[in-house]
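> The numbering of the sequence shown is our numbering, which starts it at 40 and goes up by one.
The structure that follows is given in the form of structure tokens.
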Amino acid sequence: MILLLGSEPVVRSVIKEVLERAGHVVLATGSLEVAVDTLAYGTINLLITHPYIDNIPGHEAAKYLRTRNPKKMGVLIVAGLLADDRLLYRADIEGFEIFPPPFTAAQLVEKVEEVLKAVRACAAP
Numbered sequence: 040m041i042l043l044l045g046s047e048p049v050v051r052s053v054i055k056e057v058l059e060r061a062g063h064v065v066l067a068t069g070s071l072e073v074a075v076d077t078l079a080y081g082t083i084n085l086l087i088t089h090p091y092i093d094n095i096p097g098h099e100a101a102k103y104l105r106t107r108n109p110k111k112m113g114v115l116i117v118a119g120l121l122a123d124d125r126l127l128y129r130a131d132i133e134g135f136e137i138f139p140p141p142f143t144a145a146q147l148v149e150k151v152e153e154v155l156k157a158v159r160a161c162a163a164p
């Protein structure tokens, strides 16, 4: 199970959709408090978060959630933007440049699988 913690509702929704299409169970929230409560739903194998969540560093949020999770939980901090029209349309209209370039859904899924594989390897006796 993946816990997705992201402050921006549209970004959170698009990433959740991509991961669910790839076969993952994703619990998504924009609140650190709700994320703590979500840990009670079952084993969270991976936390995906962003550099900042509700005005706190994502790194600090991840460390805090790890202390609340009794099982080993991988962490993936996503600092870029997913290449999806729902996320890029605003930037195109305004003529904004994005750096680094957005990553594809396939690249995100590949990275998630890589991190989950490492978590499973660490958890194996």
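We put the CB at the ideal spot given by N, CA and C, even for glycine.
Just so you know, these numbers come straight off a predicted model, no measurement behind them.
#1: Using 8 Å as the cut-off, can you tell me whether the region 101-117 makes contact with the region 72-92, which would need three or more C-beta pairs spanning the two stretches below that distance?
#2: Compute the distance between the beta-carbons of L85 and I41, then report whether it is under 7 Å.
#3: Between L126, A160, E149, which has its C-alpha nearest R51's C-alpha?
#4: Between the alpha carbons of D131 and T143, how many angstroms are there, rounded?
#5: Check the DSSP bridge columns for V65 and list the partner residues they point to.
#6: Rounding to the nearest angstrom, what Cα-Cα distance links V155 and A74 in this structure?
#7: Note down, one range per segment and in chain order, each alpha helix (DSSP H) of at least 4 residues found wholly within the region 69-95.
On the basis of the coordinates in this document:
#1: Below 8 Å, enough C-beta pairs join the region 101-117 and the region 72-92 to call them touching: three or more.
#2: Cβ distance < 7 Å, so L85 and I41 count as in contact.
#3: Out of L126, A160, E149, L126 has the C-alpha closest to the C-alpha of R51.
#4: The alpha-carbon of D131 is positioned some 17 Å away from that of T143.
#5: V65 is bridged to I41.
#6: Correcting the residue identity first, residue 155 is Leu in this sequence and not Val. Approximately 19 Å, taken between the alpha carbons.
#7: Those alpha helix (DSSP H) runs which fall completely within the region 69-95 and span 4+ residues are 71-77.
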